[in-house]
Amino acid sequence: MSRRTETLLWVAQRASAAVLAVCVTVHLATIFYAVQGGLTGAEILGRTRGNLGWAAFYTVFVLAAAVHAPIGLRVVLAEWLGWRGRARDFLLIAFAVLLAGMGLQAVRGVFA
Amino acid sequence: MTGLLKVRVWRGGVDGAFREYEVPRRESQTVLDVVTHIQRALDPTLAYRYACRVGMCGSCAMTVNGAPRWTCRTHVDKVAKDGRLAIGPLRNLPVIRDLVADMREFFDKWARAQGQFKGRRTRADDLERISPESEARRHADAAIECIGCGVCYAACDVVAANPGYLGPAALNRAWTLVNDARDAAQPERLRAVAGDDASLACHTHMSCTERCPKALSPTAGIAGLKRAVARAALQGKL
């Protein structure tokens, strides 16, 4: 992998971290606000279904996590297991696709 | 001042072991004084390295009670309050023998980080005018007093986890040159300090900054390099 690509991955991880910081804060604040006095699955779905704003928000959340986590794992695998090279990177691309796919499916399930 | 210090000193290579010596306690005694006493009075086979004895040359760094330190300016008072010392070679470097670490890899990494100044003027040209107040010069000044002792390199957990990592001293040197308007090798240097084995690998633990005997902050320099290489990568200049 070229030094430029490695650097762009680093930039992507920092940028996605900034997005995640906002998303996690909004997500937690919403949970604390929404569950006051208890909440059922049906109530949640009643609020989320068809809400395009929240669907867009959680889509961004999922994509940021799918970018952020594999790049971090890449360093963890190198430093803790000494695993570097193409095989690791291909596995992490697959992991990113899996995270994005599962996350977007969940978004669809809650908001569609 | 009277009394005895109990001093455990690493003997041998990587498979060596600590051996204990008793050393008379003295006023204003440094750790280097202790090692020198052992070599001159107790065991002349002890190998260690020093030169200036006044904190300028950077050759006497060792691991003292678990932390890397320059021994010539580390007072026993400061590190051995219970009268005990454990002295070993610097971490993260191959051990040659006893307290002597092989520094080749450490300095080779300075070269890999493009730590050499490359001027563009000849002796026939005028001197370049650099304002001491300019931001770049102030960054360079803040990092320029490195004596190459290797303490930061031994303190760095990223070097321990990733032996290819250039380390704080080499990157600190590169940072001084990135801020040197006279230098003609900036694109090559930015490429050298970008990537997984260079500035981007720093986890900002700040052990280098904590341990640097010259009170420099390689962490700050590395953060500057990260910004510079990120900018260059986004502009397609890396």
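Quick note, the sequences are listed as chains A and B, same order.
Sequential numbering from 568 applies to the first sequence in this note's numbering.
Sequential numbering from 1015 applies to the second sequence in this note's numbering.
Just so you know, even glycine gets a beta-carbon here, dropped at the ideal spot from N, CA and C.
Being a predicted model, the structure only gives us computed values, none of them experimental.
Checklist entry - Thinking C-beta only, is N1106/B closer than 7 Å to E646/A? => result Residue mapping note: residue 646/A aligns to position 79 of the first sequence, counting from 1. Residue mapping note: residue 1106/B aligns to position 92 of the second sequence, counting from 1. For the pair E646/A and N1106/B, the CB atoms are not nearer than the 7 Å cut-off.
Checklist entry - Between which two residues does the beta strand (DSSP E) containing G1102/B stretch? => result Your numbering for residue 1102/B matches position 88 in the second sequence. Counting along the chain, the beta strand (DSSP E) containing G1102/B begins and ends at 1098-1102.
Next on the checklist: Using 7 Å as the threshold, is the C-beta distance between A1247/B and L575/A below it?
Outcome noted: Walking along the second sequence from the start, residue 1247/B turns up at place 233. Walking along the first sequence from the start, residue 575/A turns up at place 8. Yes, these two residues count as a Cβ contact at 7 Å.
Checklist entry - How many angstroms separate the CA atom of A654/A from the CA atom of R616/A? => result Here the question's residue 654/A lines up with position 87 in the first sequence. Here the question's residue 616/A lines up with position 49 in the first sequence. Roughly 40 Å between the two C-alpha positions.
Next on the checklist: Let's test the definition: count the other Cβ atoms within 10 Å of the Cβ of M1015/B and tell me whether it reaches 16, buried, or not, exposed.
Outcome noted: The residue labelled residue 1015/B in the question sits at position 1 within the second sequence. Exposed.
Checklist entry - DSSP on E1142/B, reduced to helix/strand/coil? => result On the second sequence, residue 1142/B is found 128 positions in, with the first residue counted as 1. In this structure, E1142/B counts as coil in the three-state DSSP scheme.
Checklist entry - Whose CA, out of L1214/B, G1181/B, Q1200/B, V1109/B, lies closest to the CA of R1134/B? => result Counting from 1 along the second sequence, the entry for residue 1134/B is found at position 120. Of L1214/B, G1181/B, Q1200/B, V1109/B, the residue nearest in Cα terms is Q1200/B.
Checklist entry - When DSSP labels each residue in this structure, what does D1197/B get in the three-state scheme? => result Indexing the second sequence from 1 puts residue 1197/B at position 183. In the structure shown, the three-state DSSP call for D1197/B is strand.
Checklist entry - Does the distance from the C-beta atom of C1170/B to that of G1181/B stay below 7 Å? => result In the second sequence, the residue the question calls residue 1170/B occupies position 156. In the second sequence, the residue the question calls residue 1181/B occupies position 167. With respect to G1181/B, C1170/B sits close: the two C-beta atoms are nearer than 7 Å.
Checklist entry - Taking contact to mean at least 3 C-beta pairs separated by less than 8 Å, is the segment 1232-1250 of chain B in contact with the segment 571-591 of chain A? => result With the cut-off at 8 Å, the segment 1232-1250 of chain B and the segment 571-591 of chain A touch.
Next on the checklist: Applying the 10 Å Cβ sphere with the 16-neighbour rule, what's the burial state of I1144/B?
Outcome noted: Reading the second sequence from its first residue, position 130 is the one you call residue 1144/B. Around the beta-carbon of I1144/B, fewer than 16 other beta-carbon atoms lie within 10 Å, marking it exposed.
Checklist entry - Would the beta-carbon of A1075/B fall within 7 Å of that of V1165/B? => result Walking along the second sequence from the start, residue 1075/B turns up at place 61. Walking along the second sequence from the start, residue 1165/B turns up at place 151. Yes, the pair counts as a contact, with Cβ atoms nearer than the cut-off.
Checklist entry - In or out: F1131/B buried (at least 16 other Cβ within 10 Å) or exposed? => result Indexing the second sequence from 1 puts residue 1131/B at position 117. That one is exposed.
Next on the checklist: Between the alpha carbons of L595/A and V586/A, how many angstroms are there, rounded?
Outcome noted: Here the question's residue 595/A lines up with position 28 in the first sequence. Here the question's residue 586/A lines up with position 19 in the first sequence. One C-alpha to the other measures close to 14 Å.
Next on the checklist: Please identify, using Cβ separations under 7 Å, the residues of the segment 644-667 of chain A that lie next to chain B, in order along the chain.
Outcome noted: For the segment 644-667 of chain A, which is checked against every Cβ of chain B, the residues closer than 7 Å are A645, E646.
Checklist entry - What residues are listed by DSSP as bridge partners for L1018/B? => result Within the second sequence, residue 1018/B is the residue found at index 4, counting from 1. Looking at the DSSP assignment, L1018/B forms a beta bridge with P1038/B.
Next on the checklist: Does any residue of chain B have a CB that is nearer than 7 Å to the CB of T574/A?
Outcome noted: Along the first sequence, one-based indexing puts residue 574/A at 7. Taking a beta-carbon distance threshold of 7 Å, T574/A counts as an interface residue toward chain B.
Item to check | Residues from the segment 1162-1196 of chain B in contact with chain A, defined by Cβ distance under 7 Å | outcome: Identification of residues in the segment 1162-1196 of chain B having a C-beta nearer than 7 Å to some C-beta of chain A yields A1175, N1176, given in sequence order.
Next on the checklist: Is the separation between the beta-carbon of V1114/B and that of A1061/B shorter than 7 Å?
Outcome noted: Residue 1114/B sits at position 100 when you count from the first residue of the second sequence. Residue 1061/B sits at position 47 when you count from the first residue of the second sequence. Taking 7 Å as the cut-off, the Cβ atoms of V1114/B and A1061/B count as close.
Checklist entry - Opposite R1111/B in the DSSP bridges: which residues? => result Within the second sequence, the letter at position 97 stands for residue 1111/B. Its beta-bridge partners are V1114/B.
Next on the checklist: I believe T1044/B touches T1085/B by the beta-carbon criterion, under 8 Å. Please report the beta-carbon distance rounded to the nearest angstrom.
Outcome noted: Along the second sequence, read from residue 1 onward, the residue named residue 1044/B stands at position 30. Along the second sequence, read from residue 1 onward, the residue named residue 1085/B stands at position 71. About 6 Å separates the two Cβ atoms, so the contact holds.
Checklist entry - Is it a yes or a no for the segment 1228-1242 of chain B touching the segment 1206-1220 of chain B, going by three-plus beta-carbon pairs under 8 Å? => result Contact between the segment 1228-1242 of chain B and the segment 1206-1220 of chain B is present, because at least three Cβ pairs lie under 8 Å.
Next on the checklist: Quick check: what's the CA-CA separation for A1139/B versus V634/A?
Outcome noted: In the second sequence, counting from the first residue as 1, residue 1139/B sits at position 125. In the first sequence, counting from the first residue as 1, residue 634/A sits at position 67. For clarity, residue 1139/B is Asp in the given sequence; the question names Ala instead. The alpha-carbon separation between D1139/B and V634/A amounts to approximately 51 Å.
Checklist entry - Are there 16 or more other CB atoms within 10 angstroms of the CB of K1092/B, so buried, or fewer, so exposed? => result As a first step, residue 1092/B is located in the second sequence; it is residue number 78 there, counting from the start. Exposed, since its Cβ has fewer than 16 Cβ neighbours within 10 Å.
Checklist entry - Where L666/A and I660/A are concerned, what is the direct C-alpha to C-alpha distance, given to the nearest angstrom? => result As a position in the first sequence, residue 666/A is number 99, starting the count at 1. As a position in the first sequence, residue 660/A is number 93, starting the count at 1. One C-alpha to the other measures close to 10 Å.
Next on the checklist: So with CB distances below 8 Å, who are the chain B contacts of V674/A?
Outcome noted: Against the first sequence, residue 674/A aligns to sequence position 107. Within chain B, no residue has its beta carbon less than 8 Å from that of V674/A; the closest one is some 29 Å off.
Item to check | Contacting residues, own chain, Cβ-Cβ under 6 Å from R1098/B (five flanking each side not counted) | outcome: Within the second sequence, the letter at position 84 stands for residue 1098/B. Contacts found: K1020.
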